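Participant: Next up is a structure, given as structure tokens.
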DNA sequence: GCCGCCATGTAATTTGTTACATGATTCT
DNA sequence: AGAATCATGTAACAAATTACATGGCGGC
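Residue numbers (full-length UniProt numbering), protein chains in the order written: chain A, 1 to 186; chain B, 1 to 186.
This is the structure we're talking about:
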């Protein structure tokens, strides 16, 4: 049972859904391909944490709907008391920033602009998710309270990333052509 | 050649260093164990992107110092023009937040406090790194300008994370004992 | 006619973690 | 006495990505 498995259980605790559906809904918070999700679901079904049934569709392919069993619910609740591991971020931009002095300024600007666009897209996506939660459900006591928390988590991060991009861009543009440093010389 | 490999080249473009040293210095920006780094370095040496020599030490074990070759430098520079992939974050807290309604409030608070402490530690670590860069070197035109950018990147993110934790904690504490929602009921 | 979405699955490969292995020095 | 740091490496395992495989529907 890895984190993704528990994540799938967490989504299924809300409502029974198909693997495809889970894949789409988990994306903004945990990147995973369908090829990773499908096998995990069937393993969890074998362990009887999940049960499944097929829904016949006529215009689209049939769906396999997974539901959390009581065992699954228990397992999820237990997981909530285990030590929380530190988050892991792998961002190629960090590695690139560190050797940005080796490339031309136009390229540096383009790299940051690309990332900036990503954060703008991401913020819009989170905004759309947030709009789906009505004000009265954002209060403590509703399950949606935690949806709201989670979306805000994404937005806080995306905003910080966006601000950083803007800040770097002003720095890069403000400074006129100053000669770049060379290898092994400070 | 994966991102970590390029990351190692990026650090080596600044100054020749040992695998152990690289492992320590890359940590705040890209989590990688020595068992992953050592093999990558020797592969890159085979490809002649790096060259190495041993330094004898008397109180500590000997060191193998890697230096970037001209080929390595070229490879790094080329990499800077490739399309930037989106960052990947895997945070178990996201998954847990989504099913926090299933646990008691005390546990919820403890989870967030743990994460808050992590961000405080991280901010302190970045602050220490930042302090090492003198003001005059933080300007565009120095390599250290990009060190500064990178550290700020980490700080922007850690601050956002910390603010989110504080915000969630006030929400969780402010609200007195309201009955939590139950499975499959909104 | 080709592309993308829907929907599920497996196989091959790469990437990352944990464990094994060694050994001196320094701190508690 | 035991743990932590320094320092390098390999082996086994787990996690994640890319590619292979199928097939209908709808848009351009």
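We treat Cβ as the ideally placed atom computed from N, Cα and C, and that holds for glycine.
In this text, all values refer to a predicted model and were calculated from it rather than measured experimentally.
Taking the C-alpha atoms as reference points, what is the distance between residue 174 of chain A and residue 165 of chain A?
Facilitator: Here residue 174 of chain A refers to the residue found at position 174 when the first chain is read from its first residue. Here residue 165 of chain A refers to the residue found at position 165 when the first chain is read from its first residue. Approximately 14 Å between the Cα atoms of the pair.
Participant: With DSSP as the reference, label residue 140 of chain A as helix, strand or coil.
Facilitator: In the first chain, counting from the first residue as 1, residue 140 of chain A sits at position 140. It is a strand residue.
Participant: Can you tell me where the alpha helix (DSSP H) with residue 69 of chain B in it begins and where it stops?
Facilitator: Walking along the second chain from the start, residue 69 of chain B turns up at place 69. Here residue 69 of chain B belongs to no alpha helix (DSSP H), and DSSP marks it neither H nor E.
Participant: Quick test of your reading: residue 103 of chain B and residue 77 of chain A, contact by CB under 8 Å. State the CB separation rounded to the nearest angstrom.
Facilitator: Here residue 103 of chain B refers to the residue found at position 103 of the second chain. Here residue 77 of chain A refers to the residue found at position 77 of the first chain. Correct: roughly 7 Å between the Cβ atoms.
Participant: Mind checking which residues open and close the alpha helix (DSSP H) that includes residue 53 of chain A?
Facilitator: The count along the first chain starts at 1 and reaches residue 53 of chain A at position 53. Unbroken run through residue 53 of chain A is the beta strand (DSSP E), 50-55; no alpha helix (DSSP H).
Participant: Under 7 Å, CB to CB, which of the residues in the region 62-84 of chain B have a partner in chain A?
Facilitator: Listed in sequence order: 73, 76, 77, 80, 81 and 84.
Participant: Going by other Cβ atoms of all chains shown within 10 Å of its Cβ, with 16 needed for buried, is residue 46 of chain A buried or exposed?
Facilitator: Walking along the first chain from the start, residue 46 of chain A turns up at place 46. Its Cβ having fewer than 16 others within 10 Å, residue 46 of chain A is exposed.
Participant: In chain B, what lies closer than 7 Å to residue 102 of chain A by C-beta?
Facilitator: Start at 1 with the first residue of the first chain, and residue 102 of chain A comes out as number 102. Those are 13, 76, 77 and 80, listed as they occur along chain B.
Participant: Is residue 139 of chain A near the ligand ATP - that is, is its Cβ less than 8 Å away from at least one heavy atom of it?
Facilitator: The model depicted lacks the ligand ATP and carries no ligand whatsoever.
Participant: Quick check on residue 97 of chain B: buried or exposed, where buried means 16 or more other Cβ atoms within 10 Å of its Cβ?
Facilitator: As a working note, residue 97 of chain B is residue 97 in the second chain. Buried: at least 16 other Cβ atoms inside 10 Å.
Participant: So which residues of chain A does residue 87 of chain B contact, with C-beta pairs closer than 9 Å?
Facilitator: Position 87 of the second chain holds residue 87 of chain B. Under the 9 Å cutoff, chain A gives 89, 90, 91, 92, 93, 94, 115, 118 and 161.
Participant: Taking Cβ to Cβ, would you say residue 168 of chain B is nearer than 9 Å to residue 149 of chain A?
Facilitator: Within the second chain, the letter at position 168 stands for residue 168 of chain B. Within the first chain, the letter at position 149 stands for residue 149 of chain A. Contact: yes.
Participant: To which residues does DSSP link residue 90 of chain A through a beta bridge?
Facilitator: Within the first chain, residue 90 of chain A is the residue found at index 90, counting from 1. In DSSP, residue 90 of chain A forms a bridge with B:88.
Participant: Looking at C-alpha atoms only, which residue of B:50, B:1 and B:171 is the closest neighbour of residue 109 of chain B?
Facilitator: Locating residue 109 of chain B in the second chain gives position 109, counting from the first residue. Ranking the options by Cα distance to residue 109 of chain B, first place goes to B:171.
Participant: With which residues is residue 77 of chain B paired in a DSSP beta bridge?
Facilitator: On the second chain, residue 77 of chain B is found 77 positions in, with the first residue counted as 1. None, per the DSSP bridge assignment.
Participant: Along chain B, which residues have their Cβ under 8 Å away from the Cβ of residue 166 of chain A?
Facilitator: Here residue 166 of chain A refers to the residue found at position 166 of the first chain. Per Cβ cutoff of 8 Å: no residues; residue 166 of chain A is ~11 Å from chain B at best.
Participant: Counting C-beta neighbours from all protein chains within 10 Å, is the total for residue 135 of chain B 16 or more, i.e. buried, or is it exposed?
Facilitator: Stepping through the second chain from its first residue, residue 135 of chain B is reached at position 135. Exposed, by the Cβ-count rule.
Participant: Looking only at C-alpha atoms, which of B:14, B:61 and B:6 sits nearest to residue 43 of chain B?
Facilitator: Counting from 1 along the second chain, the entry for residue 43 of chain B is found at position 43. Taking only the C-alpha atoms, the option nearest residue 43 of chain B is B:6.
Participant: Check the Cβ of residue 10 of chain B against every Cβ in chain A and list those closer than 8 Å, keeping chain order.
Facilitator: Walking along the second chain from the start, residue 10 of chain B turns up at place 10. Result: 95, 96, 98 and 99.
Participant: When the Cβ atoms of the region 81-96 of chain A are set against those of the region 53-65 of chain A, are three or more pairs found closer than 8 Å?
Facilitator: Contact fails: fewer than three Cβ-Cβ distances are below 8 Å.
Participant: Would you call residue 24 of chain A buried or exposed, if buried means 16 or more other Cβ atoms sit within 10 Å of its Cβ?
Facilitator: The sequence position of residue 24 of chain A within the first chain is 24, counting from 1. So residue 24 of chain A ends up on the exposed side.
Participant: Note down, in chain order, each residue of its chain lying with its Cβ closer than 7 Å to the Cβ of residue 139 of chain B, except the 5 sequence neighbours on either side.
Facilitator: To locate residue 139 of chain B, count along the second chain from 1; it is residue 139. Within the same chain, residue 139 of chain B has close Cβ partners 145.
Participant: What's the C-alpha gap between residue 153 of chain B and residue 87 of chain A?
Facilitator: Taking the first residue of the second chain as 1, we reach residue 153 of chain B at position 153. Taking the first residue of the first chain as 1, we reach residue 87 of chain A at position 87. Each residue's Cα considered, the two are about 16 Å apart.
Participant: If you check the beta carbons only, do residue 72 of chain A and residue 22 of chain A fall under 9 Å apart?
Facilitator: Here residue 72 of chain A corresponds to residue number 72 of the first chain, with the count starting at 1. Here residue 22 of chain A corresponds to residue number 22 of the first chain, with the count starting at 1. No. Outside cutoff.
Participant: Below 7 Å on C-beta distance, what does residue 153 of chain A contact in chain B?
Facilitator: Indexing the first chain from 1 puts residue 153 of chain A at position 153. Those within 7 Å of residue 153 of chain A in chain B are 94, 97 and 164.
Participant: For residue 142 of chain A, does the count of other Cβ atoms within 10 angstroms reach 16, so buried, or fall short, so exposed?
Facilitator: Taking the first residue of the first chain as position 1, residue 142 of chain A is located at position 142. It counts as buried.
Participant: Residues bridged to residue 63 of chain B by DSSP?
Facilitator: Start at 1 with the first residue of the second chain, and residue 63 of chain B comes out as number 63. Answer by DSSP bridge pairing, in chain order: B:55.
Participant: List, in chain order, every chain A residue whose beta-carbon is nearer than 7 Å to that of residue 7 of chain B.
Facilitator: Here residue 7 of chain B refers to the residue found at position 7 of the second chain. Ordered by position in chain A, the residues that pass the 7 Å Cβ test against residue 7 of chain B are 95.
Participant: Residue 90 of chain B and residue 31 of chain A: beta carbons closer than 9 Å?
Facilitator: One-based indexing of the second chain puts residue 90 of chain B at position 90. One-based indexing of the first chain puts residue 31 of chain A at position 31. Yes, they are a contact pair.
Participant: Can you pull the chain A residues whose beta carbon is under 8 Å from the beta carbon of residue 146 of chain B, in chain order?
Facilitator: Counting from 1 along the second chain, the entry for residue 146 of chain B is found at position 146. Going along chain A in sequence order, the residues near residue 146 of chain B (Cβ under 8 Å) are 97, 98, 99, 100 and 101.
Participant: Name the one or two DSSP bridge partners that residue 18 of chain B has.
Facilitator: Within the second chain, the letter at position 18 stands for residue 18 of chain B. Paired residues: B:65.
Participant: Just mark residue 2 of chain B as buried or exposed, buried being the case when its beta carbon has 16 or more other beta carbons within 10 Å.
Facilitator: As a position in the second chain, residue 2 of chain B is number 2, starting the count at 1. Classification of residue 2 of chain B: exposed, given that the 10 Å Cβ count is below 16.
Participant: Between the alpha carbons of residue 19 of chain B and residue 52 of chain B, how many angstroms are there, rounded?
Facilitator: As a position in the second chain, residue 19 of chain B is number 19, starting the count at 1. As a position in the second chain, residue 52 of chain B is number 52, starting the count at 1. Taking the straight line from one Cα to the other gives about 11 Å.
Participant: From which residue to which residue does the alpha helix (DSSP H) around residue 107 of chain B run?
Facilitator: For the purposes of this step, residue 107 of chain B is taken as the residue at position 107 of the second chain. Segment 105-131, the alpha helix (DSSP H) holding residue 107 of chain B.
Participant: Where do the N-terminal and C-terminal ends of the alpha helix (DSSP H) with residue 3 of chain B fall, by residue?
Facilitator: Taking the second chain and counting its residues from 1, one reaches residue 3 of chain B at position 3. Run containing residue 3 of chain B: 3-12, per the alpha helix (DSSP H) assignment.
Participant: Taking CB distances under 9 Å as the criterion, tell me whether residue 130 of chain B reaches chain A.
Facilitator: Position 130 of the second chain, counting from 1, holds the residue named residue 130 of chain B. Closer than 9 Å: no.
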